[in-house]
Amino acid sequence: MSPSSHPQRRYRTGDQNWVRERNLSIVLRYIWDAGQPIARARLTEISGLNKSTMGNLLAQLQAWRFVRETGTVNVGPGRPGTLIDIDPAGGRFIGTELGVDFISVVLTDLKANIVWRKKIDTNGSARQQAEIIALTEGLFHEAIAEVRAADQRLLGIGVGVPGLVDHATGTLLFAPNLGWSNVPLRDMWQRYGVPVIIENEANAAALGEHMIGTAKNVDNFIYLSAGVGLGGGLMIGGKLYGGMGGYAGEIGHMTLAPDGPQCACGNRGCWETFVGPTAILDRVREAAQAGHTPILMSLPEVRADARAIRMQHVFEAAARGEEAVRHVLDDVGRYLGIGIANLLNAFNPSMVVLGGVLSLAGPYLLPRVRREVDARALSAARSNVEIKLSAFKFDACVMGGASLIAREILNDPSAWKP
Ligand SMILES: [Zn+2]
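This note's numbering puts the first residue of the sequence shown at 19, with every later residue one more than the last.
Structure (structure tokens):
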């Protein structure tokens with residue numbers, strides 16, 4: 019390929035404004051990363067900026083209501099130091115998950131505390147696309163009414179979707195489990211007059227864990243998202259890794275057994291066919307029909323009907339000591355561990371975060387996962403790796419939606435001045 023066949027890269031050159039914008043972003047990041055009030059003197063110390071520049075930058079961020087003074091602290095002899103924190107009243111984020119069978123919307127303050135939420139169960143594949151979009155917009159209207167009632171400003175709408183996204187245009191390119199393709203969601207929602215960011219659900223959730231969750235301040239980690247299938251978000255060097263077209267992270271479709279079970283993607287033996295929720299339910303239902311799961315079948319919501327078994331019932335039966343169910347989960351833990359060992363060897367992350375429905379199965383999966391990882395990953399790659407559960411469980415994606423907007427504000431607060 020000749021060099022000219024690639025688009026010309028553009029780098030922004032620096033001037034005085036650029037330096038100020040960078041410094042505003044850096045100071046705001048330090049305050050965000052601290053996760054609690056931080057002394058102004060500490061900010062001066064870690065940033066290396068001089069006191070008067072820091073005072074000037076903080077005054078600006080305060081005028082824009084991104085930060086506030088929250089009190090004083092004694093940091094040694096002399097006057098007490100001022101404490102600075104993110105101002106929760108500085109604005110609101112809308113975080114949304116357009117799921118395969120539900121729509122979930124949260125409204126958060128600037129510190130990502132949920133102040134309002136609503137969820138609608140849908141049956142995505144059976145309903146018309148227009149109907150689901152109208153339901154989503156109805157939730158946006160309700161959330162925006164809340165923002166107005168609280169006399170706040172809306173900073174943006176972040177949306178996680180179960181499919182591939184063209185980031186340049188905010189178009190949902192393909193969502194196999196919804197049966198949607200080429201939906202220009204960002205264009206459709208421009209009319210709300212705030213930035214709208216569309217992202218793959220696993221990537222959004224990974225970002226949420228990175229900015230406010232289990233992997234806060236962790237720059238290299240892998241997020242495993244179990245919904246209908248198994249997706250992944252790769253955080254590498256503090257950034258979501260998207261690959262050439264933004265489609266990286268489809269780790270549920272790495273081949274674990276060349277002649278294994280048929281996968282929805284058309285291939286055989288994908289990781290998802292061993293550890294995805296659909297695979298788990300199939301195996302548990304099989305055991306139930308063979309009469310091996312008396313505890314599970316006697317649960318009131320199941321009423322001896324294997325088709326009624328859901329993941330929460332699987333975990334409940336495991337908790338009550340159902341041997342056959344524990345056996346299935348142990349086997350799932352084994353395959354999860356095998357896949358994670360592969361990922362550790364490839365990416366050398368410092369953390370793996372399990373989200374979605376898998377995050378509920380921690381006690382039954384994690385010991386086996388860790389054993390398998392210890393047995394299989396190269397020792398250099400597995401040393402000091404933490405395997406943890408999502409901080410937000412089923413809210414991981416909506417919190418990621420809010421984080422999509424927060425990330426942009428941290429990147430360039432001056433572009434968001436009121
Ligand atoms: Zn597959």
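Every residue gets a Cβ at the ideal spot worked out from N, C-alpha and C, and that includes glycine. What you are looking at is a predicted structure, and each value in this text was computed from that prediction instead of being measured.
| Check | Outcome |
| --- | --- |
| Enumerate in chain order the residues of its own chain whose CB-to-CB distance from Trp207 is below 6 Å, with the five nearest sequence positions on each side excluded. | Val214 |
| Let me know the alpha helix (DSSP H) ranges lying completely inside the stretch 325-360, each 4 residues or longer, listed in chain order. | 329-337 |
| Going by Cα to Cα distance, which pick from Cys288, Asp105 and Val371 is closest to Lys234? | Val371 |
| Using CA coordinates, which residue listed in Gly251, Gly351, Gly380 and Tyr265 is at the minimum distance from Pro367? | Gly251 |
| Do Gly267 and Cys288 have their CB atoms nearer than 9 Å? | no |
| Buried or exposed for Gln34, going by 16 or more other Cβ atoms inside 10 Å? | exposed |
| Would you decide whether Lys257 is buried or exposed? Buried here means 16 or more other CB atoms lie within 10 Å of its CB. | exposed |
| When the Cβ atoms of the stretch 90-97 are set against those of the stretch 391-401, are three or more pairs found closer than 8 Å? | no |
| Considering just the uninterrupted stretch of the alpha helix (DSSP H) at Met315, what are its terminal residues? | Pro312 to Met315 |
| Any idea which residues DSSP pairs Arg135 with across the strands? | Val124 |
| Do you know offhand how far Lys435's Cα is from Arg171's? | 11 Å |
| Please work out which residues of its chain come closer than 6 Å, Cβ to Cβ, to Ala275, disregarding the five sequence neighbours upstream and downstream, and give them in chain order. | Gly287 |
| Just checking: is the beta-carbon of Ser401 within a distance shorter than 9 Å of some beta-carbon in chain D? | Going by chain labels, chain D is absent from the structure shown, which holds only one protein chain. |
| Rank Glu404, Leu378 and Ala398 by C-alpha distance to the C-alpha of Arg388 and give the top, closest one. | Glu404 |
| Hey, which residues come within less than 5 Å of ligand 1, measuring from Cβ to any heavy atom, in chain order? | His271, Cys281, Cys283, Asn285 and Cys288 |
| With a cut-off of 8 Å on the beta carbons, I'd call Leu182 and Tyr265 a contact; round off their distance for me. | 5 Å |
| For my contact list, Ala414 and Ser408 are in at a C-beta cut-off of 8 Å; report their separation, rounded to the angstrom. | 5 Å |
| Decide if Trp82 is buried, meaning its Cβ has at least 16 other Cβ atoms within 10 Å, or exposed. | buried |
| Tell me the residue span of the alpha helix (DSSP H) that contains Phe158. | Gln147 to Ala167 |
| Using CA atoms only, rank isn't needed, just tell me which of Thr62, Asp105 and Arg204 is closest to Gly99. | Thr62 |
| Going by other Cβ atoms of all chains shown within 10 Å of its Cβ, with 16 needed for buried, is Lys406 buried or exposed? | buried |
| Going along the chain, which residues of its own chain have a beta-carbon closer than 7 Å to the beta-carbon of Ala336, five neighbours each way excluded? | Val343, Arg344, Leu347 and Tyr382 |
| Any idea which residues DSSP pairs Val293 with across the strands? | Paired residues: none, contrary to the question. |
| So who's on the other strand from Ala193, going by DSSP bridges? | Trp198 |
| Within the same chain, show all residues whose beta-carbon is closer than 6 Å to that of Met19, passing over the 5 residues directly before and after it, in chain order. | Only weak support is given to the placement of Met19: the predicted model assigns it a pLDDT of 49, under 50, and the value that follows is read from those uncertain coordinates. Nothing meets the Cβ criterion. |
| Let me confirm a value: Gly226 is counted as buried when at least 16 other C-beta atoms fall within 10 Å, else exposed. Which label applies? | buried |
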